[in-house]
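Residue numbers (the working numbering): 917 to 1303. Structure record follows, encoded as structure tokens.
Written as structure tokens, this is what we have:
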């Protein structure tokens, strides 16, 4: 049994309440034809001609109580005194590139194919780390599905991404933000100003804005640390700034890509060479590892890893993980072959670290995510309308 309800496993709510349902809901409100989201039914978005989606990296739903200590605005949101707060879920794995792709494309990982933090490219056997993606594979080929920004632009909606300019030319940006203009902004007040300015563009507008301070502080200092609380205070300035300039025909959505747990137990693969027998490469991230095995070695590897992790993780083969519905109701053949032959889904506060090719500091990160616990999977969707 998990030591806390927040560490109990959560199934992603595809089709009714995940990150993949946010942008289709926004597009439907803006009158864009095509698949529509099922969130916020009723009259809440009537008359909306402009939508801003602010994503706060690492700002999980179960962290709101702690975050309220650092921000009166977050406190008002948490206590239902400002706007509308709805718990939804991340997609799986609950890590940034998978979540951002699910949001921007409006579809589960099983369809868009960015299905792990690091995955093996089937044709070459090389590993691609989506967050540091530079070069092969070609982003437009690797993720060929139309993005929500492409759908909106085709219908006359002016689309803008407001984010740090260093991300502008990465493979991930080319794969998931196609169809949107880019407005560089780094500090929370710059993001707020850029979002308000971008909302004023055209007759209808869609703006996506991103801030990573909370996630960074959680990784390096831990959830609830003074540094983490300071980061919450900073990003809440962006919410305040957008609210102060929000047009009357606009709606603001604030969400997150995942939550986080403070890791207390680690398996260091670099100290266990026996676990590498029959393993050609290791992908995923610390809380959900993908093991790519040599032909015929899968069961041997599964037994060795089961002995090593015990009840701290669940080991499934690719088909078992797909059948759980973790990656969505549909998993294309193209997406399926990118998942590891074995999936190591970590429980409680356990992580698998020390993987070849990863920067050394990754093994020391305090806050981590990627797993299936409520602390990682539950995220907020907060909506606000002027009026």
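Glycine included, every Cβ here is placed at the ideal spot set by N, Cα and C.
Outcome for residue i when other beta-carbon atoms lying within 10 angstroms are tallied against a minimum of 16
i, result
"residue 940", "buried"
"residue 1302", "exposed"
"residue 1284", "buried"
"residue 1180", "exposed"
"residue 1094", "buried"
"residue 1277", "exposed"
"residue 1260", "buried"
"residue 1125", "buried"
"residue 1135", "buried"
"residue 1102", "exposed"
"residue 1046", "buried"
"residue 1044", "buried"
"residue 1218", "buried"
"residue 1076", "buried"
"residue 1171", "buried"
"residue 1269", "buried"
"residue 1000", "exposed"
"residue 1306", "With the chain covering 917 to 1303 only, the question about residue 1306 has no answer from this structure."
"residue 1275", "exposed"
"residue 1048", "exposed"
"residue 1201", "buried"
"residue 1040", "exposed"
"residue 927", "exposed"
"residue 1211", "exposed"
Extent of the continuous alpha helix (DSSP H) to which residue i belongs
i, result
"residue 1298", "That residue, residue 1298, is in no alpha helix (DSSP H); its beta strand (DSSP E) goes 1294-1301."
"residue 939", "938-945"
"residue 1097", "That residue, residue 1097, is in no alpha helix (DSSP H); its beta strand (DSSP E) goes 1097-1100."
"residue 980", "980-983"
"residue 1005", "Premise fails: residue 1005 lies in the beta strand (DSSP E), 1000-1005, not in any alpha helix (DSSP H)."
"residue 1221", "1214-1225"
"residue 1026", "1025-1028"
"residue 1142", "1142-1161"
"residue 1015", "1012-1021"
"residue 1110", "1104-1115"
"residue 933", "Premise fails: residue 933 is in no alpha helix (DSSP H) and is neither H nor E."
"residue 1251", "1249-1252"
"residue 1058", "1055-1058"
"residue 1091", "1087-1092"
"residue 988", "988-994"
Neighbourhood of residue i by C-beta distance below 7 Å, restricted to the same chain and skipping five residues each side
i, result
"residue 961", "945, 1167"
"residue 1067", "943, 948, 950"
"residue 1161", "1112"
"residue 1257", "1207, 1208, 1209, 1214, 1233, 1234"
"residue 1156", "989"
"residue 1137", "1143, 1144, 1282"
"residue 1081", "1100"
"residue 991", "984"
For residue i, the first and last residue of its enclosing beta strand (DSSP E)
i, result
"residue 1184", "1181-1184"
"residue 1266", "1266-1269"
Per DSSP, the bridge partner or partners of residue i
i, result
"residue 1167", "967, 1301"
"residue 1204", "1201, 1261"
"residue 1121", "966, 1074"
"residue 925", "1289"
"residue 1036", "1043"
"residue 1233", "1258"
"residue 1283", "1178"
"residue 1126", "971"
"residue 1195", "1209"
"residue 1079", "1100"
Close Cβ partners of residue i (< 6 Å) along its chain, the five nearest in sequence each way excluded
i, result
"residue 1238", "1247"
"residue 980", "994"
"residue 977", "1003, 1294, 1295, 1296"
"residue 1090", "1055"
"residue 1120", "946, 965, 1073"
"residue 1097", "1076"
"residue 1147", "1129, 1130, 1133"
"residue 1053", "1037"
"residue 1267", "1179, 1182, 1202, 1203, 1284"
Close beta carbons around residue i, own chain, < 8 Å, minus the five adjacent residues each side
i, result
"residue 1245", "930, 931, 1024, 1026"
"residue 1151", "972, 975, 1104, 1127, 1129, 1130"
"residue 1149", "986, 987"
"residue 936", "930, 1007, 1018, 1019, 1021, 1022, 1023, 1024, 1244"
"residue 964", "945, 946, 1165, 1166, 1167, 1301"
"residue 1224", "1183, 1188, 1191"
Contact with chain C by residue i, beta-carbon distance below 7 Å
i, result
"residue 1001", "Of the protein chains in this structure there is only one, and it is not chain C."
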